[in-house]
Each structure stands twice: as C-alpha cells, then as structure tokens.
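Numbering (our numbering), first residue to last: 369 to 756.
Where a beta carbon is used, it is the ideal one built from N, C-alpha and C, also for glycine.
Since this is a predicted model, take the numbers as computed values, not measurements.
A short write-up of the structure that comes next.
Now the structure itself:
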C-alpha cells in the first residue's frame with residue numbers, strides 16, 4: 369500500500385508541475401471561492417456573537433493534531449495558548465476522543481482492545497464499585513484523594529479520556545518523566561493502554577485541553593468523537609484502487625483529494641503560507657473566516673463534485689463526513705443539555721471546524737470566535753495580548 373501511495377504522489381507531482389500549482393499573483397481570495405448564492409456568510413465568523421441571557425457560549429478550537437504533526441511544538445508556545453484559553457473560563461471541555469458508549473471494535477475504533485472483566489478481577493475492583501466511585505466523585509467537590517483509583521473506575525467504564533485525565537495528571541510531562549505518575553503502575557503494565565495514553569499526552573488533548581481544564585476546575589471531560597462504519601473516509605482508497613488497476617487518468621477526476629499535491633491541499637498551503645511560525649499563529653489561521661471559506665470550498669465545491677465511472681464518490685464522501693460531524697454534535701448537545709454549562713470549550717481537529725461551527729450556530733448557541741482567546745502573535749506573551 370505504501371509503495372502505491374508513493375507512486376501515486378510521484379505521478380501527481382509530475383502532473384501538478386505541468387499544470388502549475390500556484391500562480392505568481394498569489395492565492396485566490398477566499399471570497400471568490402465561495403459562491404455568492406450560498407448561505408455561508410464569512411463575515412458572521414469575524415467576531416463572537418453578542419451575549420444573550422441564558423444562552424450557552426461555545427468556543428470550538430480547531431487545531432492541527434499536534435501529536436501527529438511533523439513539527440515539534442515547544443512547551444513554551446503551547447503554554448502561551450493554554451494560558452490565553454484559560455481566560456475564557458470554560459466550565460465544560462469537550463475533546464475528540466471516543467466516548468464509552470461507542471461500540472467496541474466497530475467502525476474505525478482506535479482505542480486499544482481491553483479485557484475489562486480480567487482487569488476488574490485482577491484489581492479486585494468490581495464494576496459496581498467502580499460505578500459508585502465515579503458517581504460519588506461527580507457528586508462531591510474537590511480533588512480526588514486517590515486519582516489512580518478514580519482512573520481505574522473510568523477505565524472499567526471504557527472511558528479512556530477521563531481515565532487518562534486522572535492517570536496522567538501532568539499531561540505532557542510529570543515528576544517521573546514518562547507521562548505517568550508512580551502511583552498508577554497497574555495501568556502502565558498494560559502495554560497497549562500505555563502506548564495509547566502516551567499518544568494522548570503528546571497530542572492536543574493532553575497538552576492543551578488538560579491544563580485549561582485543570583486551571584478552571586473542570587472535573588470530567590466530555591469525549592464526543594464518532595467513528596462508525598457509516599462515516600468511513602474512503603475516497604482516496606477509491607483513487608488508489610483505480611491507479612493500481614492501471615487507470616492513471618483517474619488522477620484528473622480525483623485531483624482535489626490527491627495527497628500532498630491535489631488542488632484542495634495546495635489551496636490550503638497557499639493561503640496559510642507565513643502563518644506557521646508558532647502554534648498560536650497556526651491556530652489563528654485555522655480558526656479564521658478565511659479557513660472556514662477554504663473548508664467550504666474544498667468539501668462543498670470540489671470534493672462533492674468528484675465522479676468516477678458513473679459513481680458520485682465525492683457526494684458520498686462529503687455526506688459521510690457530514691454524518692460524522694452531526695453525530696459528534698449530537699453528543700455535544702446531549703452533554704450540554706444534561707449538565708447546563710455556561711461556557712463550553714471544544715478542542716477538535718481543524719478539519720471538523722467548518723461543520724461544527726455551522727451546526728453550533730444553527731442550534732442557537734452563542735458562537736465564540738476563538739481568536740479572541742488566543743495570543744495575537746508569536747512574540748506576544750499570555751492573556752494580556754488577547755484581541756480587544
């Protein structure tokens with residue numbers, strides 16, 4: 369598979385060289401990419417909605433997946449962002465992790481397979497007891513006296529996000545240097561779980577979400593991802609299958625999604641050029657009206673129109689992705705209705721932001737512009753440099 373992917377990128381590169389990926393005049397203004405008759409109003413994304421009594425505020429922070437990114441994000445640049453976001457004072461944190469109710473092993477379940485019955489027996493910790501510990505903790509305020517026991521209670525409910533939150537209180541780093549406190553040795557003995565937790569510690573959930581949550585006294589995270597089989601990202605596999613069968617001309621049909629050189633990738637690169645000097649600048653671009661317009665153009669104008677051998681593969685792919693984001697939004701709504709927060713912070717991959725922003729505004733929540741709670745530049749320091 370990797371060999372074919374490299375071949376595909378190589379062929380696409382030759383094609384793109386002939387076509388020219390960028391013009392000397394620079395990137396096309398986003399306003400020209402979004403049709404005038406669309407319902408998308410980019411001006412509405414330039415500044416938060418005005419406050420309204422009794423309305424929950426929702427800040428959706430689109431971010432690169434920093435644990436998977438080739439770039440090394442320093443703790444200093446991450447810390448400046450978390451300090452600024454903490455000033456938003458959220459009372460609910462929603463993260464892009466699978467919730468415990470997601471069927472185990474179904475769809476694209478990226479969680480480690482765990483034998484919970486075996487763990488319960490080896491720890492002499494019944495499911496009923498674990499449930500009681502979780503309920504008591506939610507009812508009683510303050511910090512948990514035994515965080516590792518609480519982490520186990522969440523784990524036995526297959527709530528890996530909250531298990532990690534209490535098993536790894538240091539997030540990115542802690543006292544013994546490997547991301548886990550010495551008191552949670554039972555969890556570190558499970559190799560697949562340790563690797564999964566280490567990845568969370570290196571990603572935006574651990575490095576951005578946890579510091580903000582702890583600074584604001586948030587005691588339980590809300591995982592809201594959805595990865596059912598009905599949301600599969602299949603379109604690039606369709607392209608690869610076509611090229612493997614000798615139909616290299618499929619590149620013309622699939623050009624918007626060709627990895628690294630396709631039109632949607634190149635358009636995004638052209639617009640974000642010069643906005644990657646630090647994490648704060650990346651976030652300011654990823655949460656700008658310009659990026660919202662680019663996402664609309666990519667999905668609704670380019671990918672949706674891809675057709676191959678009489679099949680509307682692009683239409684199916686975009687509908688799959690809308691379905692995933694709608695499922696995620698439904699989980700977000702359920703949590704808001706159940707807990708009644710005043711200010712919600714959602715930390716999610718930037719590819720979801722256009723979809724979740726649209727759904728949030730349609731649902732009547734007060735949409736918050738994340739840039740108002742981010743450092744203005746790489747040189748700025750802390751919340752004092754936030755937008756007015």
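Inter-segment contact for the segment 686-699 and the segment 585-599 is present: three or more beta-carbon pairs are separated by less than 8 Å. A buried status is given to residue 568, since no fewer than 16 other beta-carbon atoms sit within 10 Å of its beta-carbon.
Linking residue 446 to residue 609 through their CA atoms gives a straight-line distance of about 40 Å.
Annotated three-state conformation of residue 700 is helix, per DSSP. The three-state reading of DSSP puts residue 448 in helix, counting H, G and I together. Annotation for residue 576: no beta strand (DSSP E) segment contains it, and DSSP assigns it neither H nor E.
Taking C-beta separations shorter than 6 Å and ignoring five residues to either side along the sequence, the partners of residue 467 in its chain run 591, following chain order. Collapsing the DSSP output to three states places residue 425 in a strand. Between residue 632 and residue 670 the beta-carbon gap is near 6 Å, inside 8 Å, which marks them as a contact.
For the 8 Å CB-CB criterion, residue 612 and residue 428 do not form a contact. In the structure shown, residue 657 falls within a helical segment according to DSSP collapsed to helix, strand and coil. Residue environment for residue 474: exposed (fewer than 16 other C-beta atoms within 10 angstroms of its C-beta).
For residue 501, the enclosing alpha helix (DSSP H) starts and ends at 495-507.
With fewer than 16 other CB atoms across the displayed protein chains lying within 10 angstroms of its CB, residue 405 is exposed. Residue 728 carries a helical assignment under DSSP once its states are collapsed to helix, strand and coil. Assigned with DSSP and collapsed to three states, residue 626 falls in coil, not helix or strand. Annotation for residue 676: 621 place their beta carbon closer than 6 Å to its own, counting only its chain and skipping 5 residues before and after.
Put simply, the segment 514-525 touches the segment 487-498. At least three CB pairs are less than 8 Å apart. The C-beta separation of residue 480 from residue 560 comes to about 4 Å, placing the pair in contact by the 8 Å criterion. Residue 483 counts as exposed, since fewer than 16 other beta carbons sit within 10 angstroms of its beta carbon. Here residue 554 is actually not in contact with residue 691; their C-beta atoms are around 38 Å apart, not less than 8 Å.
For the pair residue 576 and residue 454, the CB atoms are not nearer than the 8 Å cut-off. Look at residue 431 here: in three-state DSSP terms it is strand.
Here residue 681 is actually not in contact with residue 745; their C-beta atoms are around 41 Å apart, not less than 8 Å. With contacts defined as CB atoms closer than 8 Å, residue 674 and residue 624 qualify as a contacting pair.
Note on geometry: alpha-carbon atoms of residue 493 and residue 578 lie some 27 Å from one another. For residue 735, the uninterrupted beta strand (DSSP E) segment begins and ends at 734-736. In this structure residue 739 is in contact with residue 656, their Cβ atoms being roughly 7 Å apart against a cut-off of 8 Å. When the alpha-carbon of residue 476 is set against those of 704, 450, 601, the nearest one is in 601. Assignment of residue 515 by DSSP, reduced to helix, strand and coil, places it in the helix class.
The secondary-structure analysis by DSSP pairs residue 711 across a beta bridge with 425. Distances from the CA of residue 407 to each of 512, 665, 439, 646 were compared; the closest alpha carbon is that of 665. DSSP places residue 561 in the helix class (H, G or I) of the three-state scheme. A distance below 6 Å between beta-carbons, with the five flanking residues on each side excluded, links residue 535 to the following residues of its chain, in chain order: 519, 552, 555. Runs of the alpha helix (DSSP H) spanning 4 or more residues and lying entirely within the segment 438-488 occur at 443-454, in chain order.
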